[in-house]
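Numbering (the numbering used here), first residue to last: -7 to 389.
Virtual Cβ for every residue (Gly too), placed ideally from N, Cα, C.
These figures come from a predicted structure and were not determined experimentally.
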């Protein structure tokens, strides 16, 4: 069936188009200015933008991808997570998950219910916790057998592994993953500029939540952050909630590195969408969501964002005045290019999948489409929050 979506603000790769986007059988066929001979969905002044590709997200709306006490609930949690992401405009996702969920995620990715899944992201387990506020632990044990187990359980779906390059023996892990076609990210590291640059020269090509949990810019050593921003072969994840990185610093990022080398991420946990209060995030860690939007451990450490990528899109467009075409590239096209799906995903272009979202002028998602099919409709007013969350996350339990 051919449907024409009418809007005065259809965000294409390099221009905002006023007219009709023609979709047929889940594929974008054309953009026309004249009234087409087909069914019309009039979006009025609402924007039509590409579906978001979030490559770094641990959970949302009470659904977590951390290890569960009850593995039989894995599918329940993953499916609830995907539906929650749809409500935030996410049509492509690398679930950032514990190894115990790899197999279930891989199996779901082959089904209609899991069609948002583009692979699996593992942040760790080889991270350097030394130097993070409130956490001082030793290096995790390096095990090639564990790396091989990760690949096996992911059933060909492991796309991204984030690690700290200073961990003794990590080179064999890095090289093994690279030999399997898996992207390696620089994460949770105390490296200085020279050391970080050497790590990027060795094949690490992504900077995890750039600016967070890495050595920062200093006039005598510009640190891991400076290495990520200056290295020509590195794509940078960036959290744009205005909490993890100030918006002034993000403006500086874009002056140092072309926006085409950034990928907007959420780094959300299950606490995204939860009301203010105190919760148990992990089995041994309580956190507080503060009135100003921070998610903090008892030691004051930031514990992931509570804001989805669509919130960051609003920040960049409205506060930093970045063109919405550029912002949508960072939220959709750039990660699609990095992870090899830009031939059919990542932008509103002819013959690409009709993955798009309709948003209000205050960046609220009204409708989310995946291959032309509605996967979220705000008008239905569904309660998508995990009904078990407030029992499972009770800090006094």
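Backbone CA spacing between residue i and residue j [nearest angstrom]
i, j, result
"residue 222", "residue 188", "11 Å"
"residue 94", "residue 243", "36 Å"
"residue 146", "residue 37", "43 Å"
"residue 303", "residue 233", "7 Å"
"residue 280", "residue 298", "11 Å"
"residue 324", "residue 338", "5 Å"
"residue 121", "residue 7", "43 Å"
"residue 119", "residue 23", "46 Å"
"residue 248", "residue 254", "11 Å"
"residue 241", "residue 217", "11 Å"
"residue 20", "residue 9", "14 Å"
"residue 205", "residue 182", "8 Å"
"residue 401", "residue 352", "The displayed coordinates of the chain run from -7 to 389. Any statement about residue 401 would go beyond what the structure contains."
"residue 113", "residue 104", "20 Å"
"residue 44", "residue 81", "6 Å"
"residue 66", "residue 96", "7 Å"
"residue 307", "residue 316", "11 Å"
"residue 138", "residue 293", "29 Å"
"residue 329", "residue 193", "20 Å"
"residue 190", "residue 83", "35 Å"
"residue 429", "residue 384", "Coverage of the chain is limited to positions -7 through 389, which leaves residue 429 absent and any answer about it impossible."
"residue 363", "residue 58", "29 Å"
"residue 200", "residue 117", "14 Å"
"residue 1", "residue 35", "9 Å"
"residue 135", "residue 356", "44 Å"
"residue -1", "residue 319", "19 Å"
"residue 214", "residue 40", "39 Å"
"residue 149", "residue 377", "27 Å"
"residue 272", "residue 301", "24 Å"
Per-residue DSSP class, three states only, for residue i
i, result
"residue 355", "coil"
"residue 115", "strand"
"residue 421", "Absent from the structure is residue 421, since the part of the chain shown begins at -7 and ends at 389."
"residue 342", "coil"
"residue 60", "coil"
"residue 304", "helix"
"residue 1", "strand"
"residue 195", "coil"
"residue 51", "strand"
"residue 98", "helix"
"residue 286", "coil"
"residue 331", "coil"
"residue 375", "coil"
"residue 280", "strand"
"residue 383", "helix"
"residue 71", "helix"
"residue 89", "coil"
"residue 181", "coil"
"residue 7", "coil"
CB contact below 8 Å: residue i versus chain D
i, result
"residue 22", "Protein chain content of the structure displayed is limited to a single chain, and chain D is not contained in it."
Residues bridged to residue i (per DSSP)
i, result
"residue -4", "14, 32"
"residue 292", "DSSP output for residue 292 lists no bridge partner at all."
"residue 365", "362"
"residue 24", "12"
"residue 316", "Bridge partners of residue 316: none, in fact."
"residue 347", "Per DSSP, none; premise fails for residue 347."
"residue 82", "44"
"residue 297", "260"
Counted within 10 angstroms of its Cβ, other Cβ atoms place residue i as buried (16 or more) or exposed
i, result
"residue 164", "exposed"
"residue 310", "exposed"
"residue 345", "buried"
"residue 211", "exposed"
"residue 219", "buried"
"residue 157", "buried"
"residue 282", "exposed"
"residue 161", "exposed"
"residue 268", "exposed"
"residue 126", "Note that residue 126 scores 48 on pLDDT, short of 50, meaning its location in the model is unreliable and no value can be drawn from it."
"residue 348", "buried"
"residue 169", "buried"
"residue 198", "buried"
"residue 366", "exposed"
"residue 154", "buried"
"residue 372", "exposed"
"residue 51", "buried"
"residue 381", "buried"
Whole runs of the beta strand (DSSP E) within the segment 202 to 271, excluding any shorter than 3 residues: 227 to 231, 254 to 257
Beta strand (DSSP E) segments (min. 3 residues) lying fully within the segment 132 to 175: Those beta strand (DSSP E) runs which fall completely within the segment 132 to 175 and span 3+ residues are 150 to 155.
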